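Number of protein chains: 2
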Amino acid sequence: MKTFIGTFVNKIDAKGRISVPAPFRMVVQAKGLAGIALYPSLTDPCIEGCGLDRIETLAESLPDDALPGVKQDAIAHLIIGTARETPFDGGGRIVLPEDFMAKAGLTDKGAFVGKGRSFQIWEPAALADAQAAMMRRLAAARRAELDGSGGPGT
Amino acid sequence: MKTFIGTFVNKIDAKGRISVPAPFRMVVQAKGLAGIALYPSLTDPCIEGCGLDRIETLAESLPDDALPGVKQDAIAHLIIGTARETPFDGGGRIVLPEDFMAKAGLTDKGAFVGKGRSFQIWEPAALADAQAAMMRRLAAARRAELDGSGGPGT
DNA sequence: TTGACACCCATGAAATCCCATGAGATACCA
DNA sequence: TGGTATCTCATGGGATTTCATGGGTGTCAA
Numbered sequence: 125m126k127t128f129i130g131t132f133v134n135k136i137d138a139k140g141r142i143s144v145p146a147p148f149r150m151v152v153q154a155k156g157l158a159g160i161a162l163y164p165s166l167t168d169p170c171i172e173g174c175g176l177d178r179i180e181t182l183a184e185s186l187p188d189d190a191l192p193g194v195k196q197d198a199i200a201h202l203i204i205g206t207a208r209e210t211p212f213d214g215g216g217r218i219v220l221p222e223d224f225m226a227k228a229g230l231t232d233k234g235a236f237v238g239k240g241r242s243f244q245i246w247e248p249a250a251l252a253d254a255q256a257a258m259m260r261r262l263a264a265a266r267r268a269e270l271d272g273s274g275g276p277g278t
Numbered sequence: 125m126k127t128f129i130g131t132f133v134n135k136i137d138a139k140g141r142i143s144v145p146a147p148f149r150m151v152v153q154a155k156g157l158a159g160i161a162l163y164p165s166l167t168d169p170c171i172e173g174c175g176l177d178r179i180e181t182l183a184e185s186l187p188d189d190a191l192p193g194v195k196q197d198a199i200a201h202l203i204i205g206t207a208r209e210t211p212f213d214g215g216g217r218i219v220l221p222e223d224f225m226a227k228a229g230l231t232d233k234g235a236f237v238g239k240g241r242s243f244q245i246w247e248p249a250a251l252a253d254a255q256a257a258m259m260r261r262l263a264a265a266r267r268a269e270l271d272g273s274g275g276p277g278t
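Protein chains in written order, with our numbering: chain A, 125 to 278; chain B, 125 to 278.
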């Protein structure tokens, strides 16, 4: 498996540790990596994660020097600056940085959500809310579409 | 690890010493270097740093087509001319030059921010401001994009 | 001589590693 | 097909090491 797929809820212990779901772990271990990179999501109240190869690729894609006039890489710099390398312990866990947990509202449980090449870690309740909100938006969009092309659908 | 990733805040003691974060130290030590090179940032109110090797590379690997109108050699000479070598002490610390500290507004704490091939040292509050400003800019850009597709702005 | 600077060691806190345990799922065998 | 053995995985706690930080001493230069 080479993509992050599915949702898994694991416990966060007193030390801030959480087990990375075995399928996710295998995605990064298959690349020969011994840990993941975490960074606060720029758009959602959650932590984002990926193999740290992705971060290093991001860093290497930047121009060799910070010269005036180049602001297109603002996002990359923001991610690189806030990212954090988190190695697996013997049991396949990582330690969630405290400030990341605070930003994502994480306390005792974390929901890993696969996003393909990356994944997110949500507070389970917040994830449910966000997903419900997205469903409502989709339903509304569909209704709006049907309204224009015929009667109210089922 | 071969790139500077993440943010770490350390204390500056009365002697102007500050611990270089262990992950950053390992990046340069992996290259066989026993210290780092510092120079005032040309674009931000902070100190910039990297391995000594990068300064040497800078003198040679200047593309002449990156920025039309900007004298690349001038920038290189500026960096090379102002850069200072700062060796690690036994505990992995460096001594921040006083004039650099003044330019960056550093007093009692310094925030190391990874930038991939290099890193920066900020006054923590100034860093927070700069990052917040950047986030606002990104959010504004995103809003501008969404406006085209019908969302009522906040 | 006096100041600045580099090197040394000490210490507490925090992060990391290690092993143990139990539950659940799977595979295997009768 | 039912039951059992095995394995993986998630979790808990303790021990060890690393790291950041503080201060002292020696050395060199002005």
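Even glycine gets a Cβ: it sits at the ideal position worked out from N, Cα and C. Since this is a predicted model, take the numbers as computed values, not measurements.
Any idea if residue i is buried or exposed, counting beta-carbon neighbours within 10 angstroms, 16 or more meaning buried?
| i | result |
| --- | --- |
| residue 211 of chain A | exposed |
| residue 193 of chain A | Annotation note: pLDDT 46 at residue 193 of chain A (below 50); position unreliable, coordinate value reported separately. It is exposed - the Cβ of residue 193 of chain A has fewer than 16 other Cβ atoms within 10 Å. |
| residue 260 of chain B | exposed |
| residue 277 of chain B | Confidence is the limiting factor: at residue 277 of chain B the pLDDT is only 43, short of 50, which leaves the residue's position unreliable, though a coordinate-based value still follows. Result: exposed. |
| residue 262 of chain A | exposed |
| residue 185 of chain A | exposed |
| residue 240 of chain A | exposed |
| residue 274 of chain B | Here residue 274 of chain B scores only 48 on pLDDT, less than 50, and its place in the model should not be relied on; the value that follows carries that caveat. By the neighbour-count rule (16 or more Cβ atoms within 10 Å), residue 274 of chain B is not buried but exposed. |
Distance, Cα to Cα, residue i vs residue j?
| i | j | result |
| --- | --- | --- |
| residue 142 of chain A | residue 154 of chain B | 30 Å |
| residue 146 of chain A | residue 235 of chain A | 13 Å |
| residue 248 of chain B | residue 271 of chain A | 53 Å |
| residue 198 of chain B | residue 268 of chain B | 37 Å |
| residue 151 of chain B | residue 159 of chain B | 11 Å |
| residue 179 of chain B | residue 173 of chain A | 32 Å |
| residue 222 of chain B | residue 254 of chain B | 23 Å |
| residue 182 of chain B | residue 204 of chain B | 8 Å |
| residue 126 of chain B | residue 208 of chain A | 14 Å |
| residue 200 of chain B | residue 166 of chain B | 11 Å |
| residue 202 of chain A | residue 224 of chain B | 23 Å |
| residue 243 of chain B | residue 148 of chain B | 9 Å |
| residue 256 of chain A | residue 257 of chain B | 31 Å |
Cutting at 8 Å between CB atoms, please list the residues of its own chain near residue i, excluding the five before and the five after it.
| i | result |
| --- | --- |
| residue 133 of chain B | 233, 234, 235, 236, 248 |
| residue 206 of chain B | 163, 164 |
| residue 220 of chain A | 136, 140, 141, 142, 162, 171, 210, 230, 234, 245 |
| residue 175 of chain B | 151, 152, 155, 157, 160, 161 |
| residue 227 of chain A | 164, 169, 171 |
| residue 177 of chain B | 155, 157 |
Leaving out five residues on either side along the sequence, give the residues of the same chain with a beta carbon under 7 Å from the beta carbon of residue i.
| i | result |
| --- | --- |
| residue 229 of chain A | 169, 247, 250 |
| residue 265 of chain A | none |
Near residue i, which residues of its chain fall below 6 Å by C-beta distance, leaving aside the five closest residues on each side in sequence?
| i | result |
| --- | --- |
| residue 238 of chain B | 128, 129, 130 |
| residue 252 of chain A | none |
Open item on the list: For the pair the segment 133-148 of chain B and the segment 206-225 of chain B, tell me if three or more CB-CB distances fall below 8 Å.
Closed with: yes
Open item on the list: For a minimum of 3 consecutive residues, which ranges assigned as the beta strand (DSSP E) are wholly contained in the segment 184-252 of chain A?
Closed with: As for any beta strand (DSSP E) of minimum length 3 sitting wholly inside the segment 184-252 of chain A, the runs are 208-211, 217-219, 233-238, 243-246, ordered along the chain.
- [ ] Run through the segment 136-192 of chain A for me and flag every whole beta strand (DSSP E) of 3 or more residues, listed as ranges in chain order.
- [x] 141-143, 159-164, 171-175
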